[in-house]
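Q: Just so we're on the same page, the numbering used here is the position in the sequence shown counted from 1, plus 1. Yeah, the Cβ is synthetic: ideal placement off N, Cα and C, and Gly gets one too.
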Amino acid sequence: MTQIEDHHPMWKKLGLDLKKHDELLAVLPTIFKEIYIDSQKNRPDMSFFDFVVGDIHGIRVKELTEAKSKGKKIIGTFCVYVPDEIIIALDAIGVGLCGGTNFSNYAVEGIIPPNLCPLIKSAVGFKLGKICPYFESLDLLIGETTCDGKKKTWEILSNYTDMYVLEVPHCKDRTQAKQLFLQELKDLVRKLEQKTGKKLTIENLKPAMEKIKRKREQLKRIYETRKANPPPISGKDALLVSQIAFYDDPDRQIQVVGKLADELEGRVKKGLGVVPKGTPRILIAGTPMAIPNWKLHHLVETSGAVVVVEETCTGTRYFAGDMKIKGNTVDELLQNIADRYLEVNCACFTPNSKRIDDIKRLIKDYKVNGVILYTLTFCQPYEIEVMHIQNILKKENVPVLAITTDYSSEDVGQLKTRIDAFLEMIRK
Ligand code: BJ8
């Protein structure tokens with residue numbers, strides 16, 4: 002077993018609140034053991050991913066600290082709309098920040114309103130409470146104009162960290178929106194060039210695009226195997242793979258996710274699954290699930306069903322769309338990047354009918370028996386889309402359940418009763 006080193010000296014240097022940080026890390030192993038180890042059988046080899054959770058603020062932060070000491074810049078992001086390709090091309094490191102626990106809420110009292118989505122509260126709490134070493138390692142944080150909650154939060158966060166906000170047009174299918182997004186990407190390039198002291202060229206952008214494409218392809222392979230009946234990996238494990246892909250080194254991700262995909266493809270060939278054939282297959286669609294938000298998957302998968310696909314940004318939206326790499330100028334490549342990113346269908350856009358097409362396609366491709374529309378509390382864009390999608394799916398006789406919840410465990414009993422009743426209906 003790999004020994005985990007004591008990272009307290011590094012955390013101290015980063016200025017963390019060590020007492021609170023220790024409290025935070027103390028709860029994670031128990032939750033992880035209960036959700037991932039004790040309640041699952043027949044897992045594929047998840048040792049790398051389990052180790053990452055066990056050392057969540059350790060080795061990767063050490064890598065970032067070492068890279069920083071060699072002059073590399075660390076760039077934080079919060080949304081799949083911020084292109085990693087540009088960050089990597091400029092020899093910087095992109096880190097997808099998370100916020101999947103209500104542990105940090107104490108730090109935002111009196112600073113952001115309580116009726117804001119838990120993801121935002123959690124992430125801001127990590128910064129204000131100084132309990133996230135990733136946040137404390139950043140040279141720049143890139144926010145985006147997606148939902149109102151995030152847009153306004155950037156104004157507050159900019160008092161605490163160096164921030165840049167990328168404007169994402171909301172009527173994304175219009176010609177002028179496409180032009181605006183391309184222009185926005187060019188401005189982002191300028192900002193990152195200033196920060197890194199590097200120049201974006203065709204020679205550094207193309208390989209960066211190829212690398213991120215390869216990373217997305219490995220994640221796609223994992224999802225492809227989940228179409229099998231029985232699926233070779235649980236929804237919980239697949240979610241963990243996606244969550245880690247957000248902030249880990251892309252080269253390592255290509256390798257470890259690729260290795261896992263090899264194993265899963267082998268399992269599918271042999272007909273090996275994590276659940277018996279015929280187990281109800283669930284699609285979860287909605288808001289992203291940041292580490293350690295495993296609540297809904299755990300409830301579903303301990304109630305006799307299996308999550309086979311997630312239409313979320315910690316699911317298919319992360320690798321959706323086709324990135325074209327052909328082009329003879331930086332501008333042409335940036336156009337390709339803009340085109341691919343504008344294919345991602347988030348509820349922040351209007352109209353957003355392509356998201357419904359995505360959900361319908363996933364139901365068919367993954368032979369889904371029921372859909373759970375998942376919304377984090379106070380997330381208006383996704384909440385507003387729920388009823389509309391629910392009505393469409395009901396007309397097509399697809400069983401659908403809408404769940405709005407946060408990170409607390411208070412509603413677990415009530416959710417379990419609703420999920421049990423939903424699965425009962427599917428089985429009839
Ligand atoms: S592309 S889903 S990552 S914006 S849950 S903070 S929307 S109130 S995270 Fe998102 Fe980009 Fe869209 Fe994906 Fe706001 Fe809703 Fe909170 Fe959300």
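Contact check, K199 vs D92 under 8 Å by CB: the rounded distance?
A: One-based indexing of the sequence shown puts residue 199 at position 198. One-based indexing of the sequence shown puts residue 92 at position 91. K199 to D92, Cβ: 5 Å. Contact.
Q: CB K417 to CB L300, shorter than 8 Å?
A: Translated into the one-based positions of the sequence shown, residue 417 becomes position 416. Translated into the one-based positions of the sequence shown, residue 300 becomes position 299. In this structure, L300 lies closer than 8 Å to K417 by Cβ.
Q: Would you say the beta carbon of L377 comes nearer than 7 Å to a heavy atom of the ligand BJ8?
A: Counting from one through the sequence shown, the residue named residue 377 turns up at place 376. Result yes, Cβ under 7 Å from the ligand BJ8.
Q: Are the segment 76–83 and the segment 103–112 touching by the rule of at least three beta carbon pairs closer than 8 Å?
A: Output reads no: the segment 103–112 does not touch the segment 76–83.
Q: With hydrogens ignored, establish whether the beta-carbon of C172 is closer than 7 Å to any heavy atom of the ligand BJ8.
A: The residue given as residue 172 occupies position 171 in the sequence shown. Checking every heavy atom of the ligand BJ8 against the Cβ of C172, none is found closer than 7 Å.
Q: Helix, strand or coil: which one does DSSP assign to M2?
A: Taking the sequence shown and counting its residues from 1, the one referred to as residue 2 is at position 1. Unreliable positioning characterises M2 in this predicted model, as indicated by a pLDDT of 45, which lies under 50. A coordinate reading is not provided.
Q: If you check the beta carbons only, do I357 and L402 fall under 8 Å apart?
A: For the purposes of this step, residue 357 is identified with residue 356 of the sequence shown, where counting begins at 1. For the purposes of this step, residue 402 is identified with residue 401 of the sequence shown, where counting begins at 1. No, they are not a contact pair.
Q: Taking M164 as part of the beta strand (DSSP E), name the residues at either end of that continuous run.
A: As a working note, residue 164 is residue 163 in the sequence shown. From DSSP, the beta strand (DSSP E) with M164 extends over 164–167.
Q: Does DSSP put R282 in a helix, in a strand, or in coil?
A: Counted from its first residue, the sequence shown places residue 282 at position 281. Note: R282 maps to strand in three-state DSSP.
Q: By the three-class DSSP mapping on this structure, what secondary structure does K417 have?
A: Here the question's residue 417 lines up with position 416 in the sequence shown. Helix at K417.
Q: In this structure, does DSSP put G126 in helix, strand or coil?
A: As a working mapping, residue 126 is identified with position 125 in the sequence shown. Here G126 sits in helix by DSSP.
Q: Report the three-state DSSP secondary structure of T147 (helix, strand or coil).
A: One-based indexing of the sequence shown puts residue 147 at position 146. Note: T147 maps to coil in three-state DSSP.
Q: Give a yes or no on whether the C-beta atoms belonging to I36 and G77 are separated by under 8 Å.
A: The sequence position of residue 36 within the sequence shown is 35, counting from 1. The sequence position of residue 77 within the sequence shown is 76, counting from 1. Cβ atoms of I36 and G77: not closer than 8 Å.
Q: Can you tell me which residues form a DSSP beta bridge with Y375?
A: Taking the sequence shown and counting its residues from 1, the one referred to as residue 375 is at position 374. According to DSSP, which records beta bridges pairwise, Y375 is partnered with G287, I404.
Q: Kindly indicate which three-state DSSP category A26 falls into: helix, strand or coil?
A: In the sequence shown, the residue the question calls residue 26 occupies position 25. In the sequence on display, residue 26 carries Leu and not Ala. L26: helix per DSSP, three-state reduction.
Q: Cα-Cα, which of T202, M290, A286 is closest to V242?
A: On the sequence shown, residue 242 is found 241 positions in, with the first residue counted as 1. The residue with the shortest Cα to Cα distance from V242 is M290.
Q: Got a sec? Which residues, its chain only, sit under 7 Å from L343 by beta carbon, not counting five neighbours each side?
A: Locating residue 343 in the sequence shown gives position 342, where the first residue counts as 1. So the qualifying residues of the chain are K173, K179, F182.
Q: When you measure from the CB of Y342 to every non-hydrogen atom of the ligand BJ8, does any distance come out below 7 Å?
A: The residue you call residue 342 lines up with position 341 of the sequence shown. Flag unset: Cβ of Y342 not near the ligand BJ8.
Q: Is the segment 115–123 touching the segment 46–56 in the sense that three or more CB pairs, one from each, lie closer than 8 Å?
A: No: fewer than three Cβ pairs fall under 8 Å.
Q: Rounded to the nearest angstrom, what separates D366 and W12 at their Cα positions?
A: As a working mapping, residue 366 is identified with position 365 in the sequence shown. As a working mapping, residue 12 is identified with position 11 in the sequence shown. About 45 Å.
Q: Which residues bound the beta strand (DSSP E) around E1?
A: Given that the chain is displayed from residue 2 to residue 429, the structure contains no residue 1 and the question cannot be resolved.
Q: Using C-beta distances below 8 Å, list every residue in its chain close to E411, excluding the 5 sequence neighbours before and after it, in chain order.
A: Along the sequence shown, read from residue 1 onward, the residue named residue 411 stands at position 410. Hits under 8 Å: none found.
Q: Can you tell me whether E312 is buried or exposed, with buried defined as 16 or more other CB within 10 angstroms of its CB?
A: As a first step, residue 312 is located in the sequence shown; it is residue number 311 there, counting from the start. The residue is buried, with at least 16 neighbouring Cβ atoms inside 10 Å.
Q: Mind checking who L186 pairs with in its DSSP beta bridge?
A: Counting from 1 along the sequence shown, the entry for residue 186 is found at position 185. In DSSP, L186 forms no bridge with anything.
Q: Would you say P134 touches the ligand BJ8, meaning its beta carbon is less than 7 Å from a heavy atom?
A: Here residue 134 refers to the residue found at position 133 when the sequence shown is read from its first residue. Not under cutoff, so the answer is no.
Q: Identify the residues that DSSP records as bridge partners of L141: which are they?
A: Counting from one through the sequence shown, the residue named residue 141 turns up at place 140. According to DSSP, L141 bridges with I76.
Q: Going by DSSP, what residue range makes up the beta strand (DSSP E) through V345?
A: Stepping through the sequence shown from its first residue, residue 345 is reached at position 344. Element bounds for V345: n/a, residue is neither H nor E.
Q: Mind reading off the beta-carbon distance from V369 to L377? Whole number of angstroms is fine, and I expect it under 8 Å.
A: Looking up residue 369 in the sequence shown gives position 368. Looking up residue 377 in the sequence shown gives position 376. About 22 Å separates the two Cβ atoms, so there is no contact after all.
Q: Would you call T280 buried or exposed, if buried means 16 or more other Cβ atoms sit within 10 Å of its Cβ?
A: The residue you call residue 280 lines up with position 279 of the sequence shown. T280 comes out buried.
Q: Name, in chain order, the residues that DSSP records as bridge partners for I94.
A: Residue mapping note: residue 94 aligns to position 93 of the sequence shown, counting from 1. Answer is I75.
Q: Going by other Cβ atoms of all chains shown within 10 Å of its Cβ, with 16 needed for buried, is L129 buried or exposed?
A: The residue given as residue 129 occupies position 128 in the sequence shown. When all chains shown are included, L129 counts as buried.
Q: Does DSSP put G101 in a helix, in a strand, or in coil?
A: Stepping through the sequence shown from its first residue, residue 101 is reached at position 100. The answer is coil: DSSP assigns G101 none of H, G, I, E or B.
Q: Within 7 Å: the Cβ of T66 and any heavy atom of the ligand BJ8?
A: Here residue 66 refers to the residue found at position 65 of the sequence shown. Result no, Cβ not under 7 Å from the ligand BJ8.
Q: Should K20 go down as buried or exposed, given a rule of 16 or more other Cβ atoms within 10 Å for buried?
A: Your numbering for residue 20 matches position 19 in the sequence shown. K20 comes out exposed.
Q: In angstroms, rounded to a whole number, what distance separates the CA positions of V257 and I132?
A: In the sequence shown, the residue the question calls residue 257 occupies position 256. In the sequence shown, the residue the question calls residue 132 occupies position 131. If you take the alpha carbons of V257 and I132, they lie about 28 Å apart.
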